[in-house]
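Heads up: the protein sequence lines correspond to chains A and B, in order.
Count the first sequence with the working numbering and you get residues 136 to 250, in order.
Count the second sequence with the working numbering and you get residues -8 to 98, in order.
Contents: one structure, followed by commentary.
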Amino acid sequence: GAGVSQSPSNKVTEKGKDVELRCDPISGHTALYWYRQSLGQGLEFLIYFQGNSAPDKSGLPSDRFSAERTGGSVSTLTIQRTQQEDSAVYLCASSALAGEWETQYFGPGTRLLVL
Amino acid sequence: EDQVTQSPEALRLQEGESSSLNCSYTVSGLRGLFWYRQDPGKGPEFLFTLYSAGEEKEKERLKATLTKKESFLHITAPKPEDSATYLCAYNTDKLIFGTGTRLQVFP
Chain A
136 GAGVSQSPSN KVTEKGKDVE LRCDPISGHT ALYWYRQSLG QGLEFLIYFQ GNSAPDKSGL
196 PSDRFSAERT GGSVSTLTIQ RTQQEDSAVY LCASSALAGE WETQYFGPGT RLLVL
Chain B
-8 EDQVTQSPEA LRLQEGESSS LNCSYTVSGL RGLFWYRQDP GKGPEFLFTL YSAGEEKEKE
52 RLKATLTKKE SFLHITAPKP EDSATYLCAY NTDKLIFGTG TRLQVFP
């Protein structure tokens, strides 16, 4: 079946503008995660959603970052007033359930460049 | 603080030259230890999950092993197409990743 998809694949924006990144998880997966991968650094957890539970936002770096998940499926990560340090690859993953035993499957990522 | 460390940062091998990648972790309690492969410009691709010390899993030229404090990814007779960054991660509901080992295999 189809894997995790993300759009756009690339985004170039000007400093101060808002951007929205979209993630379509694997059909039937209840858990959805956002990570950020900066040049030369490891993957950094941002936020995750599990079903109808309140999201775990503990990894969001500032209040300029927010995410929502509509209808338990598609998720949108929004970055307001973008800064140059927001430039990174934003990766989305999904798993059948949330939990430490569950395998997370990743999408191809959105490469964000803030000029 | 839970932490995952990978070594070496980079590894250059000749085709057919076997080697091992290391992933050590300082975490409270043993949970899922995951290995992923990441090619340039792509998202991580799932390889293995290990759940308990002594467990081993194999896929083609790769074998992952787990002890109480570290995991190894053994690459036997690698080919150029095995060139990628290999990431390990510890799962505490969200994945805590190491910074990866960048593997280059030359013909």
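Each residue gets a CB set at the ideal place from its N, CA and C atoms; glycine is no exception.
Query                                                                                                                          : Result
With 16 other Cβ atoms within 10 Å as the buried cut-off, status of Asn82(B)                                                   : buried
Cβ-based contacts, 9 Å cut-off: residues of the segment 69 to 85 of chain B near chain A                                       : Leu78, Ala80, Tyr81, Asn82, Thr83, Asp84 and Lys85
Counted within 10 angstroms of its Cβ, other Cβ atoms place Lys85(B) as buried (16 or more) or exposed                         : buried
Whether Ala137(A) touches Leu232(A) by CB criterion (8 Å)                                                                      : no
Inter-residue Cα distance where the pair is Gln141(A) and Leu12(B)                                                             : 30 Å
Identified DSSP bridge partners for Leu12(B)                                                                                   : Leu64(B)
Residue nearest to Pro160(A) in terms of C-alpha spacing, selected from Val224(A), Ser210(A), Val249(A) and Gly244(A)          : Ser210(A)
Rounded C-alpha distance that separates Glu36(B) from Pro243(A)                                                                : 9 Å
Contact set between the segment 33 to 62 of chain B and chain A, restricted to residues whose Cβ is under 8 Å from the partner : Lys33, Gly34, Pro35, Glu36, Phe37, Thr40 and Tyr42
Within 8 Å, strictly: CB atoms of Glu61(B) and Ser15(B)                                                                        : yes
Beta bridge counterpart(s) of Thr245(A) as assigned by DSSP                                                                    : Tyr225(A)
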